[in-house]
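One gets this note's numbering by counting positions in the sequence shown from 1 and adding 3 to each. From the three backbone atoms N, C-alpha and C, an ideal C-beta is built for every residue, glycine too. Notes for the one structure printed next.
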Amino acid sequence: MKRILFACCLTLPGWGLFAQNSPLFSEDFESGRLDSNVWEKRVTGVATIQVQQDQVAHGKYALHVHYPDMATQTYAFLITTHVPGALRGHLFGRAYVKITPALPPSHTVLFLSGGAGWPISKFEELGASHATLQPSYQENKSPRGQGRGEDVRHGIEPYPTGKWFLLEWEFNDDPSTLTIWVDGEKSPVTENGQKADLSTFKWPKDSDNSKNLVGGFEEFGLGARVWGAVPQGFDVYYDDIAIDTKKIGPAK
């Protein structure tokens, strides 16, 4: 069931009428297919992304991203350009995630929200590296040699594998920050050599500028993109995705 709700209750074709306390955007994949009016597949190479029934957190269907052994220069993402205006500067997200057997050690993108045209865009990212979650700001829109790069924080605690877990996040663009929760508990990072619950990004990295780095969250996406070698294939499953103006909490 797809849901997009704006400042008041709306009836959208095929989506029905929803209460005002529903998330502004949500996806539970229970239609058993991807709605091309909501989602755009952005896939390169051999990685795949599809709705399936074998592994689900709730209901009958969930999303599956598969990376085969030794895959290189490949990614598989779902992107929506239908981010409600109320979320353009600040949003909370919620998803159920299952990773099996594990992600590769190298930088892996999982969730993002940013300007139009990913992967050539500015965006905040919730990814992973070396068995921990890795929040970052990614500046991929500037011409090569004229400002591309990233501002990265490294997680401290390992992410769960082989089971479903609740992943929540807060993307903010003024100032540009990211907070992560795993199963209801804040997931800390290393910030300026210290343990912190909040990642604050700056760009350029040697500046004090942390305001409006993205310039507005126009797109939201989920999937997998690995930077580097993938010696062992892996699978990521997603269910009950939602974004809203406030922390959403577990699916009901």
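The beta strand (DSSP E) enclosing residue i, as first and last residue numbers
{"i": "Phe204", "result": "It is not in any beta strand (DSSP E) - Phe204 carries neither H nor E in the DSSP assignment."}
{"i": "Leu129", "result": "Lys125 to Ser132"}
{"i": "Phe28", "result": "Phe28 to Glu30"}
{"i": "Ala254", "result": "From DSSP, Ala254 is part of no beta strand (DSSP E); its letter is neither H nor E."}
{"i": "Asp38", "result": "Where Asp38 is concerned, there is no enclosing beta strand (DSSP E), given that its DSSP letter is neither H nor E."}
{"i": "Ala245", "result": "Phe237 to Asp247"}
Buried or exposed by the 16-neighbour rule on C-beta atoms within 10 Å, applied to residue i
{"i": "Ile261", "result": "Here the chain has residues from 4 to 255 only, and residue 261 is not among them."}
{"i": "Pro138", "result": "buried"}
{"i": "His110", "result": "buried"}
{"i": "Leu13", "result": "For Leu13, the predicted model reports a pLDDT of 33, less than 50, meaning its position is unreliable; a value from the coordinates is still stated below. Exposed, since its Cβ has fewer than 16 Cβ neighbours within 10 Å."}
{"i": "Phe9", "result": "Residue placement at Phe9 is poorly supported in this model, since its pLDDT is 36, which falls under 50; the coordinates are not used for a value here."}
{"i": "Leu169", "result": "buried"}
{"i": "Lys214", "result": "exposed"}
{"i": "Glu30", "result": "buried"}
{"i": "Ser132", "result": "buried"}
{"i": "Asp154", "result": "buried"}
{"i": "Ile244", "result": "buried"}
{"i": "Gly130", "result": "buried"}
{"i": "Glu142", "result": "buried"}
Proximity of residue i and residue j at Cβ, strictly below 9 Å
{"i": "Pro163", "j": "Asp186", "result": "yes"}
{"i": "Lys101", "j": "Asp238", "result": "yes"}
{"i": "Ser190", "j": "Ile159", "result": "yes"}
{"i": "Val59", "j": "Ala227", "result": "no"}
{"i": "Phe80", "j": "Ala98", "result": "no"}
{"i": "Phe174", "j": "Gly96", "result": "yes"}
{"i": "His67", "j": "Asp57", "result": "yes"}
{"i": "Gln197", "j": "Asp72", "result": "no"}
{"i": "Arg151", "j": "Ser202", "result": "no"}
{"i": "Glu128", "j": "Ile251", "result": "no"}
{"i": "Trp230", "j": "Leu216", "result": "no"}
{"i": "Val54", "j": "His85", "result": "no"}
{"i": "Lys144", "j": "Lys125", "result": "yes"}
{"i": "Gly62", "j": "Gly218", "result": "no"}
{"i": "Asp242", "j": "Ala50", "result": "no"}
{"i": "His93", "j": "Thr248", "result": "yes"}
{"i": "Leu161", "j": "Thr135", "result": "Per the sequence presented here, residue 161 reads as Pro, with Leu not at that position. Contact flag set, yes."}
Whole-number beta carbon distance between residue j and residue i, since they are thought to touch under 8 Å
{"i": "Phe204", "j": "Ser179", "result": "5 Å"}
{"i": "Pro26", "j": "Ile246", "result": "6 Å"}
{"i": "Phe28", "j": "Pro87", "result": "6 Å"}
{"i": "Phe223", "j": "Thr75", "result": "Rounded, the Cβ-Cβ distance is 27 Å, inconsistent with contact."}
{"i": "Thr77", "j": "Gly120", "result": "Actually they are not in contact, since the Cβ atoms of Thr77 and Gly120 sit about 19 Å apart, beyond 8 Å."}
Residue i: CB within 8 Å of a non-hydrogen atom of the ligand GDP
{"i": "Val155", "result": "The ligand GDP is absent from the structure shown, which contains no ligands of any kind."}
Residue-chain proximity (residue i, chain C), Cβ-Cβ < 9 Å
{"i": "Tyr240", "result": "Checking the listed chains, one finds no chain C in this structure; it contains a single protein chain."}
**OP:** Return the chain-ordered ranges of every beta strand (DSSP E) run that is complete within the segment 142-222 and spans a minimum of 3 residues.
**Re:** 152-155, 167-176, 179-185, 192-194, 197-199 and 201-203
Original post:
Considering only residues of the segment 42-122, which uninterrupted beta strand (DSSP E) runs meet the minimum length of 3 residues and lie entirely inside it, listed in chain order?
Top reply: 43-47, 51-55, 65-70, 78-83, 93-103 and 111-117
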